[in-house]
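Student:
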Amino acid sequence: MLPRLLRLVPGLLLYGVADAFMIRAAVGVDPWTVFAQGVSVRTGLGIGLLTNLIGLAVLLLWIPLRQRPGIGTVLNILLVGPGIELGLWLLPAPESLWTRVGFFATGLVLLAVASGVYIGAHLGPGPRDGLMTGIHLRFGTPIWVGRTGVEVTVLVVGWILGGDAGLGTLAFALLIGPLCGITLPLFDPVARRNRRERAANRSAPSSESRPGPSPREAAA
71 MLPRLLRLVP GLLLYGVADA FMIRAAVGVD PWTVFAQGVS VRTGLGIGLL
121 TNLIGLAVLL LWIPLRQRPG IGTVLNILLV GPGIELGLWL LPAPESLWTR
171 VGFFATGLVL LAVASGVYIG AHLGPGPRDG LMTGIHLRFG TPIWVGRTGV
221 EVTVLVVGWI LGGDAGLGTL AFALLIGPLC GITLPLFDPV ARRNRRERAA
271 NRSAPSSESR PGPSPREAAA
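For what it's worth, the numbering used here labels the leading residue of the sequence shown as 71, then goes sequentially.
Here you go:
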């Protein structure tokens with residue numbers, strides 16, 4: 071358990087810092103951060119605190135969906151928000167467009183790395199990920215349908231409230247999946263083992279493809 075916690079906690083804090091890079095870039099952020107920014111504009115509360123509160127509210131939605139949180143779920147709610155606030159405190163607001171694009175790219179890559187690190191700990195999904203799987207299990211809809219529906223909804227609401235939706239939001243939607251496809255196996259020993267086993271099964275000849283004994287061997 072301790073080695074997995076030592077992966078989980080830095081991974082969640084790094085996730086928050088990665089979000090801070092993209093927020094400072096001001097070219098658009100992921101849908102949930104757009105939502106948090108919009109609520110922040112309307113309430114004056116910090117984005118980090120709101121990220122925690124929104125995560126807690128999403129966790130309450132797990133109850134009718136009959137999802138069970140793990141320790142990773144709880145720590146996700148507690149640590150990502152402070153990670154964002156730490157990153158915003160440390161990072162200056164860049165002025166030139168290319169610096170902002172560099173900040174966004176750095177944040178996107180760091181977020182993919184952080185996802186691989188904390189998901190690889192296998193101590194429970196984040197509240198938003200659990201919401202998607204809960205919708206899938208409760209209503210039988212494909213996971214991508216539930217995820218798309220929820221994220222489009224929070225994106226639109228956040229943008230109406232004043233959140234930063236832009237080209238970075240589109241880039242996030244297009245690139246985070248492929249990047250996590252690289253980082254999850256890289257930082258998750260279980261995923262690496264499963265990949266090796268699948269590769270071994272594909273390369274091993276099946277019983278039907280193995281050559282049978284020659285007539286001389288059969289006669290012997």
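We treat Cβ as the ideally placed atom computed from N, Cα and C, and that holds for glycine.
Quick check: what's the CA-CA separation for residue 272 versus residue 75?
Tutor: On the sequence shown, residue 272 is found 202 positions in, with the first residue counted as 1. On the sequence shown, residue 75 is found 5 positions in, with the first residue counted as 1. Cα to Cα, residue 272 sits roughly 34 Å from residue 75.
Student: Take residue 220 and list the residues in its own chain whose beta-carbon comes closer than 7 Å to its own, dropping the five residues that flank it on each side.
Tutor: As a position in the sequence shown, residue 220 is number 150, starting the count at 1. Cβ within range, chain order: 201 and 202.
Student: Pairing CB atoms from the region 91-100 with CB atoms from the region 172-183, are three or more of them under 8 Å?
Tutor: Yes, the region 91-100 touches the region 172-183.
Student: May I ask you to verify whether the region 161-179 touches the region 236-245, counting CB pairs closer than 8 Å and requiring at least 3?
Tutor: The region 161-179 is in contact with the region 236-245.
Student: Rounded to a whole number of angstroms, what is the C-alpha to C-alpha distance between residue 126 and residue 190?
Tutor: Start at 1 with the first residue of the sequence shown, and residue 126 comes out as number 56. Start at 1 with the first residue of the sequence shown, and residue 190 comes out as number 120. Using only the alpha carbons, I get a separation of about 22 Å.
Student: If we count the other Cβ atoms within 10 Å of its Cβ and call it buried at 16 or more, is residue 162 buried or exposed?
Tutor: Locating residue 162 in the sequence shown gives position 92, counting from the first residue. Classification of residue 162: exposed, given that the 10 Å Cβ count is below 16.
Student: Would you kindly work out how many angstroms separate the C-alpha atoms of residue 286 and residue 270, rounded to a whole number?
Tutor: Along the sequence shown, read from residue 1 onward, the residue named residue 286 stands at position 216. Along the sequence shown, read from residue 1 onward, the residue named residue 270 stands at position 200. With a pLDDT of only 49 at residue 286, under 50, the local geometry of the prediction cannot be trusted, and the value read off the model is given with reservation. Taking the straight line joining both Cα atoms gives about 32 Å.
Student: For residue 197, which option in 140, 156, 96 and 263 has the closest C-alpha, if you only look at C-alpha atoms?
Tutor: For the purposes of this step, residue 197 is taken as the residue at position 127 of the sequence shown. Ranking 140, 156, 96 and 263 by Cα distance to residue 197 puts 140 first.
Student: In its own chain, which residues sit with a C-beta less than 6 Å from the C-beta of residue 112, not counting the 5 before and 5 after it?
Tutor: Residue mapping note: residue 112 aligns to position 42 of the sequence shown, counting from 1. These residues qualify, in order along the chain: 231.
Student: Where does residue 99 fall in DSSP's three states?
Tutor: Counting from one through the sequence shown, the residue named residue 99 turns up at place 29. Residue 99: coil per DSSP, three-state reduction.
Student: If I'm right that residue 133 touches residue 106 with Cβ under 8 Å, what's the distance once you round it to whole angstroms?
Tutor: On the sequence shown, residue 133 is found 63 positions in, with the first residue counted as 1. On the sequence shown, residue 106 is found 36 positions in, with the first residue counted as 1. Not confirmed; about 22 Å, so no contact.
Student: How many angstroms separate the CA atom of residue 97 from the CA atom of residue 158?
Tutor: As a working note, residue 97 is residue 27 in the sequence shown. As a working note, residue 158 is residue 88 in the sequence shown. Computed Cα separation, rounded: 15 Å.
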